[in-house]
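Residue numbers (the working numbering): 37 to 512. We put the CB at the ideal spot given by N, CA and C, even for glycine.
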Amino acid sequence: MSPLDLSTIDDSTTLLWGSLVPVLSEYIAIPALSPAFDSDWAANGHMDRAVDLVTSWCRDRQIPGMTVSVHRLEGRTPVVVCEIPATPGAQDAAPVLLYGHLDKQPEMEGWRADLGPWKPVLEGDRLYGRGGADDGYSAVAARGAIEAVQAAGGAHPRCVVLVEASEESGSPDLPAHVEALADVIGTPQLIVCLDSGAADYEHLWITTSLRGMADGNLTVRVVEEGLHSGGYGGVVPDSFRILRELLSRIEDSSDGRVLLPEAWVEVPPETQAALERAAALVGAGRVAEVPWTPGVGPVTGDDPLEALLATTWQPQLTVVGQDGLPETARAGNVLRPQTTLKLSLRLPPHVDPDAVLVALEHALTIDPPYGSRVSFSGGGGAWGWAAPPTAAWLDDALQAASNRFFGAPALQFGEGGTIPFMAMLGQRFPATQFLVTGVLGPHSNAHGPNEFLDLPTARKITATVAAVLHAAAQPR
């Protein structure tokens with residue numbers, strides 16, 4: 037393999053990231069909520085503002101032969117597409133696809149008084165605000181990596197940067213775009229995803245698995261109008277109590293264990309061994325970074341391996357929303373007609389989300405207590421993902437880059453979140469290699485209050501991707 041000037045990669049990415057705070061701050065200030073949280077996204081225009089910002093920045097960069105376009109399909113969120121031709125001599129190498137997203141989660145309560153979701157604040161090396169780390173930085177990191185390779189006199193295959201706008205809604209619009217862009221994407225040898233996390237900021241962390249999910253709204257209705265609780269309580273069942281009873285069919289309330297057999301999978305032996313190796317650092321770190329309320333402890337106790345398994349290869353149910361319950365200040369003594377809970381069930385890799393949705397609806401709606409009207413409307417599902425074995429060339433490149441830019445070996449771990457695009461591409465391109473990584477380290481708090489982007493980590497990941505692109509261009 038021809039050598040790559042890593043010092044120039046260092047200099048190029050350092051210069052780039054020293055100039056990016058203004059554009060990332062402008063992006064953070066845009067409330068580009070994902071369609072699941074803003075049904076009028078097209079009319080409100082925030083998504084288009086974010087798309088315009090990303091495309092403008094990309095077009096301003098000096099990369100020979102690059103094209104930047106916005107791919108649109110009727111009724112769907114747009115996708116930003118950058119196509120960069122291979123450097124001379126690398127035209128025969130299979131292409132590389134680099135992925136990110138620009139849509140955002142809702143505001144969430146609990147931000148520090150001096151912070152806010154749409155208020156970018158630079159504090160030391162951390163840029164606070166919604167979406168900077170999840171996942172606005174991805175477009176500039178992908179483009180910056182390509183620039184750095186060229187600045188260092190290195191090589192790279194044809195690269196396609198794809199930035200979608202529906203990931204936080206489960207990527208419902210992406211399959212149609214990928215199908216329409218099939219000729220542009222081609223058959224990539226490597227897919228780089230910059231939407232994942234890190235167990236600490238001292239290592240390059242490679243994500244080897246992601247959980248899937250199934251979600252939906254569970255509604256219980258008992259009467260056609262509200263009734264005085266004193267006059268009818270004891271005769272009319274409380275809709276919330278029925279919900280509690282129904283939830284006990286799918287979850288053990290004593291320890292949170294999901295009771296649906298369809299939601300479980302056996303952990304592969306090699307994965308179990310890798311989890312055991314990572315448990316002391318990753319599992320313990322996950323427990324340690326939680327902002328526990330005093331006196332509260334983890335469900336998994338003091339066992340770091342159980343903590344890691346619980347957040348990567350086991351299902352987990354969360355009630356993430358509700359309708360029908362008034363604020364306490366406005367809650368009268370009324371038996372309410374109905375209550376709705378939004379359920380989010382995380383699923384291990386290899387579990388079929390559609391089968392789980394069918395099992396959920398059956399378990400929750402069969403034989404309703406007191407003949408109450410119970411419905412479960414599935415919001416949708418997404419497959420989890422497990423990485424294929426890492427090719428020797430990719431592992432060598434990752435370790436060399438990690439030691440150079442992070443000063444430590446690259447490490448692997450599983451993530452508890454979901455990136456639907458990874459499972460879809462894994463099924464579409466079974467022979468493709470994956471590099472899934474990201475900046476979401478301890479306390480970065482994606483989806484929650486006080487989300488931040490750690491700028492030095494983003495810079496090091498950009499440099500690492502540059503080194504990997506050069507390795508992908510070499511004959512094998």
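His-386 is positioned such that its CB atom lies closer than 8 angstroms to that of Gly-420.
When beta bridges are read from the DSSP output, Ala-250 appears opposite Leu-381 and Gly-417. The distance from the Cβ of Pro-156 to that of Ser-61 is about 4 angstroms, consistent with a contact at the 8 angstroms cut-off. In the three-state reduction of the DSSP assignment, Trp-53 falls in the helix class, which pools H, G and I. The criterion of a C-beta distance shorter than 8 angstroms is not satisfied by Ser-380 and Thr-348. In chain order, Val-294, Trp-300 and Pro-384 place their CB closer than 8 angstroms to the CB of Gln-350, counting only its own chain and leaving out the 5 sequence neighbours on each side. Ala-216 is positioned such that its CB atom lies closer than 8 angstroms to that of His-107.
One thing to note: Asp-209 has its Cβ within 8 angstroms of the Cβ of Arg-112.
Taking a contact as a CB-CB distance under 8 angstroms, the pair Ile-66 and His-82 counts as one, their CB atoms being some 5 angstroms apart. At the C-beta level, Leu-230 and Gly-136 come within 8 angstroms of one another. About 7 angstroms separates the Cβ atoms of Ser-408 and Pro-273, confirming a contact at the 8 angstroms cut-off.
Boundaries around Ser-105 are those of the beta strand (DSSP E), 103–107, since no alpha helix (DSSP H) includes it.
Contact between the segment 229–244 and the segment 359–368 is absent: fewer than three C-beta pairs spanning the two stretches fall below 8 angstroms. Listed in chain order, the non-local C-beta contacts of Arg-280 below 7 angstroms within the same chain number zero, local neighbours out to five positions each way being set aside. By the Cβ-count criterion, Glu-261 is exposed, with fewer than 16 other Cβ atoms from all chains shown falling within 10 Å of its own Cβ. Asp-47 places its beta carbon 8 angstroms or farther from that of Leu-491. When the beta-carbon positions are compared, Asp-390 and Gly-368 stay at least 8 angstroms from each other. Within the segment 385–414, the runs of alpha helix (DSSP H) at least 4 residues long that lie entirely inside it are, in chain order, 389–401. Rounded to the nearest angstrom, the gap between the Cα atoms of Ile-286 and Leu-396 is 8 angstroms.
Judged by DSSP secondary structure, Glu-119 falls within the beta strand (DSSP E) whose first and last residues are 115–120.
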